[in-house]
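Structure, as structure tokens:
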Amino acid sequence: MPNRSADAVYQLVHSLERSEKRNFKLYMTRNSGSGDLKVVQLFDALDKMKQYDEEQLLVRNPVIQKQQLSNLKAHLYREILSSLRLLNPDSHIDLQLHEQLDFARLLYNKGLYHQSLRILDKIKDLARANNQTTSLLQVLFLEKKIESLHITRSMQDRAERLSAESEEVNEKLALISTL
């Protein structure tokens, strides 16, 4: 399928605003070595194309081998999404919640349970304030997991409170799913 006009990375490149393209190039210069030069060249080539044509792309960019193209496009796609995620992290509450939840999981996996619980408390407040019920459920699940290790030594009270919170969140989710 060399001439697929609906190529995903091509569509993503052309959906970017000028500032996002500039941010991507700055991101790549800052975070990459010389190995990612081909990715930037591919980005520039796709940006200049009016319509996606793989053969033309390879002819105009002899540095890019046909065997590499698939991997380069996948790498470019991931890098563009990463740069977009970093562009305005505070403007998307769900991305913010997922990032903080990832941090809490990393701390949990490192055995830093109390630090993980502190982040989870912050996430819980943010999720409640923004009506993010599914994120709240994930937070409660991880909190229960930590409590099951008897880390905080307040097992009975905390376990009952977590169970009540979980039931409340599950009821909200059930209500949402019936809509």
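The opening position of the sequence shown corresponds to residue 3 in our numbering, with each subsequent residue numbered one higher. The C-beta atom is built at its ideal place from N, Cα and C for all residues, glycine as well.
Cα-Cα separation, residue 171 to residue 24
Here residue 171 refers to the residue found at position 169 when the sequence shown is read from its first residue. Here residue 24 refers to the residue found at position 22 when the sequence shown is read from its first residue. About 41 angstroms.
Taking Cβ to Cβ, would you say residue 114 is nearer than 8 angstroms to residue 145?
Stepping through the sequence shown from its first residue, residue 114 is reached at position 112. Stepping through the sequence shown from its first residue, residue 145 is reached at position 143. Not a contact, by the Cβ cut-off of 8 angstroms.
Beta carbon of residue 134 nearer than 8 angstroms to that of residue 178:
Your numbering for residue 134 matches position 132 in the sequence shown. Your numbering for residue 178 matches position 176 in the sequence shown. No. Outside cutoff.
So, helix, strand or coil for residue 19, using DSSP?
For the purposes of this step, residue 19 is identified with residue 17 of the sequence shown, where counting begins at 1. Residue state, collapsed to three classes: coil.
Assumed close pair residue 121, residue 98 - CB separation to whole angstroms, cut-off 8 angstroms:
Walking along the sequence shown from the start, residue 121 turns up at place 119. Walking along the sequence shown from the start, residue 98 turns up at place 96. Between residue 98 and residue 121 the Cβ distance is about 12 angstroms, and since that is not below 8 angstroms, they are no contact.
Grouping DSSP H, G and I as helix and E and B as strand, with all else coil, what is residue 3?
Residue numbering aside, residue 3 sits at position 1 when the sequence shown is read from its first letter. Unreliable positioning characterises residue 3 in this predicted model, as indicated by a pLDDT of 44, which lies under 50. The coordinate reading is nonetheless provided below. Collapsing the DSSP output to three states places residue 3 in coil.
Distance, Cα to Cα, residue 85 vs residue 41?
One-based indexing of the sequence shown puts residue 85 at position 83. One-based indexing of the sequence shown puts residue 41 at position 39. Taking the straight line from one Cα to the other gives about 14 angstroms.
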